[in-house]
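Counting in my numbering, the sequence shown runs from 258 upward without gaps. One structure is given here, and the rest of the page talks about it.
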Amino acid sequence: MKKILVVLPVEDRHKKFLEQAAPDAIFTYSSVSEVTEEMVQEANVIVGNVPAKFLKASEKLELLQLNSAGADAYIKEGVLHSATILTNATGAYGKAVSEHLFAMALALQKKLHLYRDDQFEGEWNDYGQITSLSDATVLVIGLGDIGLAFARLCKMLGAHTIGVKRRPSVCPEGVDELYLTEELLKAVPRADLVAAVLPGTAETYHIFDANFFSAMKSTAIFLNAGRGGSVDQEALLYALENGEIYAAGLDVTDPEPLPADHPLWKQRNVMITPHVSGKYHLQETFERIVRIAAENLEHYVKQEPLRNVVDFSTGYKK
């Protein structure tokens, strides 16, 4: 009988849903903060992001279903056994993260960040001209669930959308043009708004460097809700301080938390949120994660192909 460990903050209705997917399994429920290494080592299936240090390439673990889309902590050598299947929660975060990025984009375009700062000082200033998404060119780097959702939101307001992805494909709905990753610097100079939603891998580390920011329009906005490590923060800081780009909205940084004395905090043209665009702040996100997990548990029991299997060489789903 298979042992399934769940470390999601599930309610009774979620437990029932998961247990119906694998009716002959033994379920144990815990939390990320309370789960023990012994519990992790005894499990055949784990649902949720347990501490990677507890896994130790367990030979008993057959399936690890993450509650995140990012899998960077689990694809490192020695974390999972070669026979363990890793699946992620791609498809759960598109709505929440894309809307967070969308809100940041509009706030920066309308200079709401400046007016909010003035509110605390009781100052009545007019910061002049603003820009609009309706006639903007939006570059989305990473066309997964989140990137596509964001592109479609911008398209609804009338933006011209350009997508960047690793592999060639037909242009998806909501995207007007498509570039490959190696063509990134060709597309950057055209963009009024750049949104990055890349996972943290060796290939994406510091992909947004000094060359990237110098290629952007001086009036352009940079957004990042992927991984902080994809950005060379010193290069970003230089670009912001020297007018190479207009503003930045960051939901991720490197490291996290961002140290209190980091100069990015003090930049008037930067909005920073503490990696909160995803998580479970939108209840629908959590419900989607549970559905993905239940679907994969059912497929696992029936020995059917699983959804969102992660490619260890890329960190993306296959």
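Where is the CB? At the ideal position from N, CA and C, for every residue including glycine.
With a threshold of 8 Å, are at least 3 pairs of Cβ atoms found where one atom belongs to the stretch 528 to 547 and the other to the stretch 413 to 433?
Touching, no.
Report the three-state DSSP secondary structure of residue 417 (helix, strand or coil).
Three-state result, residue 417: strand.
Identify whether residue 540 lies in helix, strand or coil by the three-state DSSP scheme.
Helix, per DSSP.
Could you tell me which whole alpha helix (DSSP H) segments of length 4 or greater appear in the stretch 522 to 567?
540 to 558, all fully within the stretch 522 to 567.
Rounded C-alpha distance that separates residue 507 from residue 415:
Answer to the nearest angstrom: the Cα atoms are 24 Å apart.
For residue 434, list the residues DSSP reports as bridge partners.
DSSP lists 419 as the bridge partner or partners of residue 434.
Could you tell me if residue 290 is buried or exposed, where buried requires 16 or more neighbouring beta carbons within 10 angstroms of its beta carbon?
Residue 290 should be labelled exposed.
Out of 399, 471, 477, 403, which one is the CA nearest neighbour of residue 439?
Cα-wise, what sits closest to residue 439 is 399.
For residue 417, the nearest candidate out of 403, 475, 436, 392 (CA to CA)
The residue among 403, 475, 436, 392 with its C-alpha nearest the C-alpha of residue 417 is 392.
Output the residue ranges of the alpha helix (DSSP H) runs that lie fully inside the stretch 462 to 521 and measure 4 residues or longer, sorted by chain position.
Counting only runs of 4 or more residues that sit fully inside the stretch 462 to 521, the alpha helix (DSSP H) segments are 467 to 472, 490 to 498, in chain order.
Of the choices 497, 517, 458, whose alpha-carbon is the least far from that of residue 334?
Among 497, 517, 458, the Cα nearest to that of residue 334 is on 458.
Take residue 577 as the anchor and find which of 280, 330, 258 has the nearest alpha-carbon.
With the chain covering only 258 through 575, there is no way to say anything about residue 577.
Reduced DSSP secondary structure (H/G/I, E/B, other) of residue 459
Note: residue 459 maps to coil in three-state DSSP.
Going by other Cβ atoms of all chains shown within 10 Å of its Cβ, with 16 needed for buried, is residue 512 buried or exposed?
Residue 512 counts as exposed, since fewer than 16 other C-beta atoms from the protein chains shown sit within 10 angstroms of its C-beta.
By the three-class DSSP mapping on this structure, what secondary structure does residue 386 have?
The answer is coil: DSSP assigns residue 386 none of H, G, I, E or B.
Please state whether the Cβ-Cβ distance between residue 303 and residue 282 is less than 7 Å.
The answer is no: Cβ separation not under 7 Å.
Would you call residue 553 buried or exposed, if buried means 16 or more other Cβ atoms sit within 10 Å of its Cβ?
Of the other Cβ atoms in all chains shown, 16 or more fall within 10 Å of the Cβ of residue 553; this residue is therefore buried.
With a Cβ-Cβ cutoff of 7 Å, do residue 419 and residue 444 count as a contact?
Result yes, Cβ atoms of residue 419 and residue 444 sit closer than 7 Å.
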